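Asker:
There are 4 protein chains.
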Amino acid sequence: MPSSIGFIGLGIMGQPMALNLVHAGFPVTVFNRTPEKTALLKEAGAKVASTPAEAAAGADFVISIVSDTPAMEEVVAGKGGILETIKSGAVAIDSSTISPVASRKFACKVAGQGASWLDAPVTGSKHMAIKGELTYMVGGDREAFDRAMPVLQVMGKKHIYCGTHGLGLAAKLAQNVIQSTMVEIFCEGFVLAAKAGLKPQIMMEVIQGSMARAALTDFKAPFIFRGDFTPYFPLKLMHKDLTLAMESAYAQNVPMPTAAAVKEVYGAAKAQGKGELDYAAVVTFLEELAKVQVRE
Amino acid sequence: MPSSIGFIGLGIMGQPMALNLVHAGFPVTVFNRTPEKTALLKEAGAKVASTPAEAAAGADFVISIVSDTPAMEEVVAGKGGILETIKSGAVAIDSSTISPVASRKFACKVAGQGASWLDAPVTGSKHMAIKGELTYMVGGDREAFDRAMPVLQVMGKKHIYCGTHGLGLAAKLAQNVIQSTMVEIFCEGFVLAAKAGLKPQIMMEVIQGSMARAALTDFKAPFIFRGDFTPYFPLKLMHKDLTLAMESAYAQNVPMPTAAAVKEVYGAAKAQGKGELDYAAVVTFLEELAKVQVRE
Amino acid sequence: MPSSIGFIGLGIMGQPMALNLVHAGFPVTVFNRTPEKTALLKEAGAKVASTPAEAAAGADFVISIVSDTPAMEEVVAGKGGILETIKSGAVAIDSSTISPVASRKFACKVAGQGASWLDAPVTGSKHMAIKGELTYMVGGDREAFDRAMPVLQVMGKKHIYCGTHGLGLAAKLAQNVIQSTMVEIFCEGFVLAAKAGLKPQIMMEVIQGSMARAALTDFKAPFIFRGDFTPYFPLKLMHKDLTLAMESAYAQNVPMPTAAAVKEVYGAAKAQGKGELDYAAVVTFLEELAKVQVRE
Amino acid sequence: MPSSIGFIGLGIMGQPMALNLVHAGFPVTVFNRTPEKTALLKEAGAKVASTPAEAAAGADFVISIVSDTPAMEEVVAGKGGILETIKSGAVAIDSSTISPVASRKFACKVAGQGASWLDAPVTGSKHMAIKGELTYMVGGDREAFDRAMPVLQVMGKKHIYCGTHGLGLAAKLAQNVIQSTMVEIFCEGFVLAAKAGLKPQIMMEVIQGSMARAALTDFKAPFIFRGDFTPYFPLKLMHKDLTLAMESAYAQNVPMPTAAAVKEVYGAAKAQGKGELDYAAVVTFLEELAKVQVRE
Chain B
3 MPSSIGFIGL GIMGQPMALN LVHAGFPVTV FNRTPEKTAL LKEAGAKVAS TPAEAAAGAD
63 FVISIVSDTP AMEEVVAGKG GILETIKSGA VAIDSSTISP VASRKFACKV AGQGASWLDA
123 PVTGSKHMAI KGELTYMVGG DREAFDRAMP VLQVMGKKHI YCGTHGLGLA AKLAQNVIQS
183 TMVEIFCEGF VLAAKAGLKP QIMMEVIQGS MARAALTDFK APFIFRGDFT PYFPLKLMHK
243 DLTLAMESAY AQNVPMPTAA AVKEVYGAAK AQGKGELDYA AVVTFLEELA KVQVRE
Chain D
3 MPSSIGFIGL GIMGQPMALN LVHAGFPVTV FNRTPEKTAL LKEAGAKVAS TPAEAAAGAD
63 FVISIVSDTP AMEEVVAGKG GILETIKSGA VAIDSSTISP VASRKFACKV AGQGASWLDA
123 PVTGSKHMAI KGELTYMVGG DREAFDRAMP VLQVMGKKHI YCGTHGLGLA AKLAQNVIQS
183 TMVEIFCEGF VLAAKAGLKP QIMMEVIQGS MARAALTDFK APFIFRGDFT PYFPLKLMHK
243 DLTLAMESAY AQNVPMPTAA AVKEVYGAAK AQGKGELDYA AVVTFLEELA KVQVRE
Chain R
3 MPSSIGFIGL GIMGQPMALN LVHAGFPVTV FNRTPEKTAL LKEAGAKVAS TPAEAAAGAD
63 FVISIVSDTP AMEEVVAGKG GILETIKSGA VAIDSSTISP VASRKFACKV AGQGASWLDA
123 PVTGSKHMAI KGELTYMVGG DREAFDRAMP VLQVMGKKHI YCGTHGLGLA AKLAQNVIQS
183 TMVEIFCEGF VLAAKAGLKP QIMMEVIQGS MARAALTDFK APFIFRGDFT PYFPLKLMHK
243 DLTLAMESAY AQNVPMPTAA AVKEVYGAAK AQGKGELDYA AVVTFLEELA KVQVRE
Chain S
3 MPSSIGFIGL GIMGQPMALN LVHAGFPVTV FNRTPEKTAL LKEAGAKVAS TPAEAAAGAD
63 FVISIVSDTP AMEEVVAGKG GILETIKSGA VAIDSSTISP VASRKFACKV AGQGASWLDA
123 PVTGSKHMAI KGELTYMVGG DREAFDRAMP VLQVMGKKHI YCGTHGLGLA AKLAQNVIQS
183 TMVEIFCEGF VLAAKAGLKP QIMMEVIQGS MARAALTDFK APFIFRGDFT PYFPLKLMHK
243 DLTLAMESAY AQNVPMPTAA AVKEVYGAAK AQGKGELDYA AVVTFLEELA KVQVRE
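Next up, the structure:
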């Protein structure tokens, strides 16, 4: 008999993840703060709960993917939170990108009920969520990780066990520090070159012929060059992740001079109203500063 | 009859470049500030000049690759500089990474003698210089670029015509802004992860499984993980290039908040005595700040 | 009959503040996490409570000054917290420098008990606390502020009503952003000058003859020049306040490029073990980077 | 018989300085690149030269105050430059804020003619120039400084001998690093406070009641609060001075993380067209980023 699953958070990523679990034959009970988003899941065969607690009641696995630390605080410890019902022996798998400190606190709380906790943030686009091809970075007990694998394999194709509680998030935040900066400095460099009179395509040829070539900027460049900032990953979320990374850096006494500068650039772009666009829209902020365009 | 070549600057890159020209059958006259380095070229069949002017006298192409703007100022306009002898119709090909403003000034000066000027910085390691596989980014007249191709093809395998005078350098500086930042932020991210307790190899698995994977950091990572900073490209030169890029940014009114922060990190690493190491040694400065090591 | 006071937190500032209240004739009940520090107050005539709740029970004013947001969370809403006993009509006066967001949340919570809340951070040294000459920046209801004045006047000589809840803290954080940066850039400038060979005393003469003269740097300079970093305000607390300011900036969409850079410099100094020294010890971090000393 | 003076550069500061010398009875010969500006001096009794060389011919003191390093390069070593005529025993007093490296080079060149060189930058407003109340920071030989005092005393009321060649400029650049950052961070802090809802006047009361009070920000604040950016010192010149300071920092291996960030903020403000305004107009750039105004 397949494990039962409570699934909390049906956003851009959560919905296809939950659908894949239903399609794989797991009995799934979903909860979402705005109930409209549950329709598709209900149609596919999921039960719909009216609180996280109801979704978690009796479930073998409680999966969550919500927007930020306060939202997750509500899901875990608020009224109707999963702490009220999570059963002993269950595994909570949280794919939200939240504060590692908060995540470790949640791990302690569910441990008080006899349950396990995995911080299990993911990378990959909505498209990869649909195909079940996400990459998982997982922190927590190895035993719980192993037990969760049949479920994780439905949603992702790569699962990296990072170590103890919080290290999945640590990996995710370090990765996003690197990705956000790669995109930002690519844009700074292209703006500098464009202001000098260099065509973006020629600058791109230079980069692609060099060791600076990266899958990320190869992917983003055409969007940047034609000014298409349909969000793959919204700028405001990248800014949030940089902020979480800086909080971790503060807690661990790690100076991060470059990440600090990059965070302010994304913050300025967000303050200009670009938060809902893809984070590559940071280029438009730099273009406005420099009064030049990096365009075909 | 093959074109005659004056070649000025027999450093790490210059020596193999000049040797390739000799081996390809060009008559080459070399000059180097410290004469000892001319021995290998002499043995291979090159003539040795005692001034840049002597190397340039009568040459169809005058190639230079020296350390910085003041050194190139001497080569061009100092006593015994190439301006004294460069012939009308010659093409000066300067592969030094110097100030674009200075380079354009040199272009004007040689134009006064009827000669052409190309700013032609290169990327690639010493190893690629030996194999004649450098990448050239070239600014200047298209006609001079075309004329220089038989010579450039001996030293490089990719030649990108960037546009008017200075745009080869603009491309090179933008590229190095991007490369230096990619390495620096890779190190910041890995230091943050290491301080959290994540093993570098696991963090590397995360990056390599993501879009942040890049040839540059794939290449640098093993050196970083074992603390081997044998210089492929010395940190002090990367700091110099960042400084040149910031000077260009100043001249062109381009704000570069991230590059400015990165420049200070490399500058601090240089001030700690790491200037002669590979620029990936920036990791050791970050490690010292954070009191942690990113090591196997 | 004088108002009764519960006083929580007997640190460097809290102890003299509480003593002044006792000396002014208020009946005071004190609580401190480490009970040893209550001896002096007990001797002076204060009662000693074993929990914040006990200190707050029946008090007209509940004054608190603790180290950070989590500590204040415990004081307010932890087991034995003031929420358990604060009486309707009481005024809670919190002089801790904590997150404005958390402070507003505490204001809501005590309002649920019919009590008022003032965020009332102070500036001034321990010496000024002893003399009752602190400066208060106060946020909250005007009526509660007016009611609290007889108590505030015992501890401070200047009381600035800043507006609604959180604005006292907003003022304090903005002030510390300015002060921390003034000291940091003073040190950067003096390190630059010293490396050029300029004597600190001459540079000081330049600054004091200019509009850059400030009470803060006039005060800090002699300590800096003789390397005396006895803590007036510990570097780790300044780093904490910068971090709180950046969190506010994040919450309010305010880009702060300079404060972000300054925060990392203090963070790096703290990571080098200078957290317990006065924040002017940031100069020693800059000196170590530049390999020069700003000394008499 | 009074010493004869050649005076080069009749800008905002140069004109009143030269007038004071004429009024004090010195025979003065002036030169300015745009000849129109010489009218007032001619009327006052000065001779007008058509080249710097002509102004310097036979003069005991050759005073210069021009906009930047390239302009000074022309004045000294260009065609019709002072090197052509400066007499043995003369003292060149350069009050331009230029590169210390270039200044030392000029000192060497005039020494070749038997003349002395002082780098003698000034601080103070146009108003103070008119009243002869500038502050001088002077580098060079003590003997030449002493000899120049009768002339310097006409133009300034405070004269700080800083040491060898270049140290006057080193002091000036360090001072402007400090001043520019004080104003910038004052604005960042006030923008943060304003976005939180704090009135600028209340925030000003906080600052003025604290050790952060400074003559500079006391002076700038009313202009900032009413949006009056009539240039006392144009933003583009402050940006130039920050750039010179960073060049010195590079040459001397001094990491300056905060100054680097501040330079980019002024650079961004300049790129938005604010270069001709007073440098306090940096507040408008920060206001535009944060979408709030710091106004009465």
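Chain order of the listed sequences is B, D, R and S.
For what it's worth, the working numbering labels the leading residue of the first sequence as 3, then goes sequentially.
For what it's worth, the working numbering labels the leading residue of the second sequence as 3, then goes sequentially.
For what it's worth, the working numbering labels the leading residue of the third sequence as 3, then goes sequentially.
For what it's worth, the working numbering labels the leading residue of the fourth sequence as 3, then goes sequentially.
Backbone N, C-alpha and C define an ideal beta-carbon position, used for all residues, glycine too.
Keep in mind that this is a model prediction, so the values were computed, not measured.
Considering only residues of the same chain and omitting the five flanking positions on each side of residue 167/R, which have a CB-CB separation below 6 Å?
Answerer: For this step, residue 167/R is matched to residue 165 along the third sequence. 106, 109, 141 and 142, listed in sequence order.
Asker: Are there 16 or more other CB atoms within 10 angstroms of the CB of residue 155/B, so buried, or fewer, so exposed?
Answerer: As a working note, residue 155/B is residue 153 in the first sequence. Exposed, because fewer than 16 other Cβ atoms sit within 10 Å of the Cβ of residue 155/B.
Asker: If you reduce the DSSP assignment to three classes, tell me which class residue 128/B lands in.
Answerer: To locate residue 128/B, count along the first sequence from 1; it is residue 126. Residue state, collapsed to three classes: helix.
Asker: For the stretch 281–297 of chain R against the stretch 216–235 of chain R, are there 3 or more C-beta pairs whose distance is under 8 Å?
Answerer: yes
Asker: State the DSSP-derived secondary structure class of residue 25/R, mapped to helix, strand or coil.
Answerer: As a working mapping, residue 25/R is identified with position 23 in the third sequence. The answer is helix: DSSP assigns residue 25/R an H, G or I state.
Asker: Under 8 Å, Cβ to Cβ, is there at least one residue of chain B near residue 292/R?
Answerer: Translated into positions along the third sequence, residue 292/R becomes position 290. Not closer than 8 Å to any Cβ of chain B, the Cβ of residue 292/R fails to qualify, so no.
Asker: Return the bridge partner residues of residue 268/S from the DSSP annotation.
Answerer: As a first step, residue 268/S must be located in the fourth sequence, where it is residue number 266. Looking at the DSSP assignment, residue 268/S forms no beta bridge with any residue, so it has no partner.
Asker: With respect to the beta strand (DSSP E) encompassing residue 138/S, which residues constitute its N-terminal and C-terminal limits?
Answerer: Mapped onto the fourth sequence, residue 138/S falls at position 136. Residues 136–141.
Asker: In the stretch 81–101 of chain D, which residues sit with their C-beta less than 7 Å from some C-beta in chain S, listed in chain order?
Answerer: none
Asker: Is DSSP giving residue 185/S helix, strand or coil here?
Answerer: Locating residue 185/S in the fourth sequence gives position 183, counting from the first residue. Residue 185/S: helix per DSSP, three-state reduction.
Asker: Rounded to whole angstroms, what is the Cα-Cα separation between residue 205/R and residue 122/S?
Answerer: Position 203 of the third sequence, counted from the first residue, corresponds to residue 205/R. Position 120 of the fourth sequence, counted from the first residue, corresponds to residue 122/S. Roughly 14 Å separates the two Cα atoms.
Asker: Given a threshold of 16 other Cβ atoms within 10 Å of its Cβ, counted over all protein chains shown, does residue 38/S qualify as buried or as exposed?
Answerer: The residue you call residue 38/S lines up with position 36 of the fourth sequence. Around the CB of residue 38/S, fewer than 16 other CB atoms lie within 10 Å, so the residue is classed as exposed.
Asker: Grouping DSSP H, G and I as helix and E and B as strand, with all else coil, what is residue 158/B?
Answerer: Counting from 1 along the first sequence, the entry for residue 158/B is found at position 156. It is a strand residue.
Asker: Residue 247/R: which of 150/R, 187/R and 103/R sits nearest, CA to CA?
Answerer: Stepping through the third sequence from its first residue, residue 247/R is reached at position 245. For residue 247/R, the nearest C-alpha among the options comes from 103/R.
Asker: Going by DSSP, what residue range makes up the beta strand (DSSP E) through residue 12/B?
Answerer: In the first sequence, residue 12/B corresponds to position 10, counting from 1. DSSP places residue 12/B outside any beta strand (DSSP E), giving it a letter other than H or E.
Asker: Express the C-alpha separation of residue 149/B and residue 275/D in angstroms, rounding to a whole number.
Answerer: Within the second sequence, residue 275/D is the residue found at index 273, counting from 1. Within the first sequence, residue 149/B is the residue found at index 147, counting from 1. Approximately 50 Å, taken between the alpha carbons.
Asker: Would you tell me roughly how many angstroms separate the C-alpha atoms of residue 77/R and residue 64/R, rounded to the nearest one?
Answerer: Mapped onto the third sequence, residue 77/R falls at position 75. Mapped onto the third sequence, residue 64/R falls at position 62. In a straight line, the C-alpha of residue 77/R is about 11 Å away from that of residue 64/R.
Asker: My output table needs one value for residue 49/B: the three-state DSSP class, helix, strand or coil.
Answerer: Here residue 49/B refers to the residue found at position 47 when the first sequence is read from its first residue. Note: residue 49/B maps to strand in three-state DSSP.
Asker: Between the alpha carbons of residue 28/D and residue 4/D, how many angstroms are there, rounded?
Answerer: Start at 1 with the first residue of the second sequence, and residue 28/D comes out as number 26. Start at 1 with the first residue of the second sequence, and residue 4/D comes out as number 2. Between residue 28/D and residue 4/D, the C-alpha separation is close to 6 Å.
Asker: Are the CB atoms of residue 18/R and residue 131/R within a distance shorter than 8 Å?
Answerer: Position 129 of the third sequence holds residue 131/R. Position 16 of the third sequence holds residue 18/R. For residue 131/R and residue 18/R, yes; Cβs fall inside 8 Å.
Asker: Ordered along the chain, which non-local residues of its own chain (more than five positions away) have a Cβ less than 6 Å from that of residue 58/S?
Answerer: For the purposes of this step, residue 58/S is taken as the residue at position 56 of the fourth sequence. Answer for residue 58/S: 8, 64, 84, 87 and 88, listed in chain order.
Asker: Could you tell me whether the stretch 255–268 of chain B touches the stretch 252–264 of chain D, using the rule of 3 or more Cβ pairs below 8 Å?
Answerer: Contact between the stretch 255–268 of chain B and the stretch 252–264 of chain D is present, because at least three Cβ pairs lie under 8 Å.
Asker: For residue 219/B, which option in 245/B, 98/B, 192/B and 13/B has the closest C-alpha, if you only look at C-alpha atoms?
Answerer: Along the first sequence, read from residue 1 onward, the residue named residue 219/B stands at position 217. Nearest C-alpha to residue 219/B: 192/B.
Asker: Report the option in 60/D, 52/D, 79/D and 213/D whose CA atom is closest to the CA atom of residue 127/B.
Answerer: Within the first sequence, the letter at position 125 stands for residue 127/B. Comparing Cα-Cα distances from residue 127/B to each of 60/D, 52/D, 79/D and 213/D, the minimum goes to 213/D.
Asker: For residue 25/R, which of 216/R, 157/R, 169/R and 251/R has the nearest alpha-carbon?
Answerer: Residue 25/R sits at position 23 when you count from the first residue of the third sequence. Closest by alpha carbon: 157/R.
Asker: Closer than 8 Å, CB to CB, is residue 164/S near chain R or not?
Answerer: Your numbering for residue 164/S matches position 162 in the fourth sequence. Yes - at least one Cβ of chain R is within 8 Å of the one on residue 164/S.
Asker: Which residue wins for smallest C-alpha separation from residue 223/S, given the options 186/S, 251/S and 244/S?
Answerer: Position 221 of the fourth sequence, counting from 1, holds the residue named residue 223/S. Distance check between residue 223/S and each of 186/S, 251/S and 244/S places 186/S closest, using alpha-carbon atoms only.
Asker: Between the stretch 254–273 of chain D and chain R, which residues of the former have a C-beta closer than 8 Å to a C-beta of the latter?
Answerer: 259, 263, 270 and 273
Asker: Distance check for residue 208/R and residue 162/S, CA to CA, integer angstroms please.
Answerer: The count along the fourth sequence starts at 1 and reaches residue 162/S at position 160. The count along the third sequence starts at 1 and reaches residue 208/R at position 206. Computed Cα separation, rounded: 7 Å.
Asker: Reducing DSSP to helix, strand and coil, say where residue 120/S ends up.
Answerer: Stepping through the fourth sequence from its first residue, residue 120/S is reached at position 118. Three-state DSSP puts residue 120/S in a strand.
Asker: Please classify residue 210/S as buried or exposed, where buried requires at least 16 neighbouring CB atoms within 10 angstroms.
Answerer: Locating residue 210/S in the fourth sequence gives position 208, where the first residue counts as 1. It is exposed - the Cβ of residue 210/S has fewer than 16 other Cβ atoms within 10 Å.
Asker: Nearest to residue 41/R by CA position, among 56/R, 20/R and 60/R, is which residue?
Answerer: To locate residue 41/R, count along the third sequence from 1; it is residue 39. When each option's Cα is compared against that of residue 41/R, the closest is 20/R.
Asker: According to DSSP, what are the bridge partners of residue 259/D?
Answerer: Against the second sequence, residue 259/D aligns to sequence position 257. Paired residues: none, contrary to the question.
Asker: For residue 124/D, which of 68/D, 91/D and 93/D has the nearest alpha-carbon?
Answerer: Sequence index remark: in the second sequence, residue 124/D carries index 122 (1-based). Answer by Cα proximity: 68/D.
Asker: Would you mind sorting residue 152/S into buried or exposed? The rule is 16 or more other CB atoms within 10 Å of its CB.
Answerer: Sequence index remark: in the fourth sequence, residue 152/S carries index 150 (1-based). With fewer than 16 other Cβ atoms within 10 Å, it is exposed.
Asker: Tell me, please, whether the CB atom of residue 197/S is closer than 8 Å to any CB atom in chain R?
Answerer: Within the fourth sequence, residue 197/S is the residue found at index 195, counting from 1. Chain R contact via Cβ: present.
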